[in-house]
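Residue numbers (the working numbering): 1 to 113. From the three backbone atoms N, C-alpha and C, an ideal C-beta is built for every residue, glycine too. Comments concern the structure below.
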Ligand SMILES: Cc1cc2nc3c(=O)[nH]c(=O)nc-3n(C[C@H](O)[C@H](O)[C@H](O)COP(=O)(O)OP(=O)(O)OC[C@H]3O[C@@H](n4cnc5c(N)ncnc54)[C@H](O)[C@@H]3O)c2cc1C
């Protein structure tokens, strides 16, 4: 269901407690977008890097709280972490080139956070 339909559904579901008040959404998650709370986001500048291991290099990828934090009062850290995992999985499936996949993942998710 769309965001607006979801809000309308919850307003109807909790109508007896809301007593005519409207619900707000924090769905955008962009810094400063939440109407009722302001908090400083902490976001790593780089989420991927290559590290030497056993004579080769291996990718190290950050996701979830390791890549970015959200204040727990907005209740979104788990959602953001799962969306990171979904985006990384999608990027790895779209191309066999690891460097391209990791760059795509970082570009996609750093905008969301
Ligand atoms: C008080 C509080 C309330 C919150 N309420 C909400 C909420 O209502 N809704 C919501 O969506 N989010 C909430 N969050 C945020 C949410 O818990 C996190 O954003 C989410 O758990 C991040 O997932 P993660 O997998 O990135 O990290 P974590 O869940 O922290 O997982 C990291 C794991 O790595 C392990 N680890 C650490 N170091 C090592 C190591 N060296 N070797 C091996 N393992 C290691 C840790 O033991 C841990 O199991 C809350 C957070 C707090 C603190």
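query: Cβ-heavy atom distance, residue 66 to ligand 1, below 7 Å; result: yes
query: Contact the region 39-48 vs the region 97-106: 3+ CB pairs below 8 Å; result: yes
query: Opposing strand residues paired with residue 88 [DSSP bridges]; result: Answer by DSSP bridge pairing: none, since residue 88 is not bridged.
query: Residue interval of the alpha helix (DSSP H) (run including residue 16); result: 15-18
query: Cβ-heavy atom distance, residue 45 to ligand 1, below 7 Å; result: no
query: Proximity test, residue 57 beta-carbon vs ligand 1 heavy atom, cut-off 7 Å; result: no
query: Endpoints, beta strand (DSSP E) assigned at residue 95; result: Neither: residue 95 is in no beta strand (DSSP E) and is coded neither H nor E.
query: Residue 21 - DSSP class collapsed to helix/strand/coil; result: coil
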